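Peer 1: Just passing along the structure, written as structure tokens.
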Amino acid sequence: MTCDQAKTRMTEYWSLALGEAEQKEFSEHLASCEACRSEVSRIGALWQSLDLLPVEEPSGKVRERFYEMLGAYRQGLASVETRKGEPWWRKPVWQIAAAAAVLAIGMGIGYGVRGGGQPPGEVSQLREEVANMRQLVALSLLQQQSASERLRGVSWSYQVEPSDKEVLNALVTAVNHDPNVNVRLAAVDALRPFTGSPATHLAARNAVVQALPKQTVPIVQVALIDFLAELKERNAAPELRRLVSDPDIDSGVRKRAEWALERMQ
5 MTCDQAKTRM TEYWSLALGE AEQKEFSEHL ASCEACRSEV SRIGALWQSL DLLPVEEPSG
65 KVRERFYEML GAYRQGLASV ETRKGEPWWR KPVWQIAAAA AVLAIGMGIG YGVRGGGQPP
125 GEVSQLREEV ANMRQLVALS LLQQQSASER LRGVSWSYQV EPSDKEVLNA LVTAVNHDPN
185 VNVRLAAVDA LRPFTGSPAT HLAARNAVVQ ALPKQTVPIV QVALIDFLAE LKERNAAPEL
245 RRLVSDPDID SGVRKRAEWA LERMQ
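Each residue of the sequence shown is one higher than the last, beginning at 5 in our numbering.
Right under this line is the structure:
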């Protein structure tokens, strides 16, 4: 047995998986090769230590979350028709591919846990694919007809990277145009992480400033005013002054706008 052949058998040796003849041949080689004997002793100690570690069990919610994600794609596939020129994330072919990718990623992570881990490059690729899947789920749900599904889309947006400009644009659209007040309120809150990312903070702050004049529902106006006050966004001052001086605006909104102006000073 050569050293190269011995190295390919070391894992089986540590796992006690060698046959009787192979075990004898391997032991004879170790007896005559100092380099392989030293390597088996050094790495074997580490191998035995790994056996003492507790087995990492996946969360009990993994299956639930997977089927929730898969259900979102199936619903999108059933309710959204493919039309020329529509956003790519709404096309069924992409939704099917994404669902398949989610399954592949889950299997890959499972093999990584049970099989000793993935190489750094593969782990990085898996993480990127998971991030893409989260983006797809958020964008798909935000396009649904049901307000409750769009609310789920807003919730999913918290799981994407705050530098994701596509999700940011989808949330801004929800703030400005969603017919459901609850969705608009949730979308306002979901914009907060994007104001802290170097890649999106300017776009997110400008979007909040520009959204305020478009709102007519007092509760949404107050939510945006509070957000602007939190950001100390001075570019919103002209619009806040307009609200304060407009007698037709809800009195609660006018008072909140006045409070925000004082806080920005």
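Ideal Cβ placement from N, Cα and C applies to all residues, glycine included. Just so we're clear, the structure is a prediction, and the values are computed from it rather than from any experiment.
(1) How is E85 classed by DSSP in three states: helix, strand or coil?
(2) How would you write the range of the alpha helix (DSSP H) that G23 sits in, first residue to last?
(3) Which word fits R246, buried or exposed, when buried means at least 16 other C-beta atoms lie within 10 angstroms of its C-beta?
(4) Applying the criterion that 16 or more other CB atoms from any shown protein chain within 10 Å of the CB defines a buried residue, is P166 buried or exposed?
(5) Using only the alpha-carbon positions, how far apart do V224 and R138 sit?
(6) Could you tell me the alpha carbon to alpha carbon distance between R267 and L145, rounded to whole angstroms?
(7) Can you tell me where the alpha helix (DSSP H) holding A174 begins and where it ends?
(8) Which of the three DSSP states is assigned to A142 in this structure?
(9) Taking Cβ to Cβ, would you say A190 is nearer than 8 Å to V158?
(10) Can you tell me whether R2 is buried or exposed? The criterion is at least 16 other CB atoms within 10 Å of its CB, across all chains shown.
(11) To which residues of the same chain is G120 closer than 8 Å at the C-beta, ignoring the five residues directly before and after it?
(12) Kindly give me the distance between the Cβ atoms of L172 and F198, rounded to whole angstroms, as I take these residues to be in contact under 8 Å.
(13) Can you grab the Cα-Cα spacing for the pair R94 / V141, in whole Å?
(14) Going by DSSP in three states, P197 sits in which element: helix, strand or coil?
(15) Return the residue from the list D252, A208 and K218 that minimises the CA-CA distance to F231.
(16) Work out the CA separation of D182 and P222 for me, nearest whole Å.
(17) Going along the chain, which unbroken runs of the alpha helix (DSSP H) with 4 or more residues stay wholly within the segment 185-264?
(18) Quick one: Cα of Q149 to Cα of L155, how far?
(19) Taking only the alpha-carbon atoms, compute the straight-line gap between E153 and D168 and give it to the nearest angstrom.
Peer 2: On the basis of the coordinates in this document:
(1) Because E85 carries a pLDDT of 46, less than 50, the predicted location of this residue cannot be relied on, and the following value inherits that uncertainty. Correct three-state label for E85: coil.
(2) Run containing G23: none; DSSP gives neither H nor E here.
(3) exposed
(4) buried
(5) 27 Å
(6) 36 Å
(7) K169 to H181
(8) helix
(9) yes
(10) Because residue 2 is not part of the residues shown, which for the chain are 5 to 269, the question remains open.
(11) Its pLDDT being 49, under 50, G120 is placed unreliably by the model, and the measurement read from it follows with that caveat. So the list is empty, once near-sequence residues are dropped.
(12) 5 Å
(13) With a pLDDT of only 49 at R94, under the threshold of 50, the placement of this residue in the model should not be trusted, and no figure is reported.
(14) Reduced to three states, the DSSP call for P197 is helix.
(15) A208
(16) 15 Å
(17) Fully contained in the segment 185-264 are the following alpha helix (DSSP H) runs of length 4 or more, in chain order: 185-194, 205-215, 222-235 and 241-249.
(18) 11 Å
(19) 20 Å
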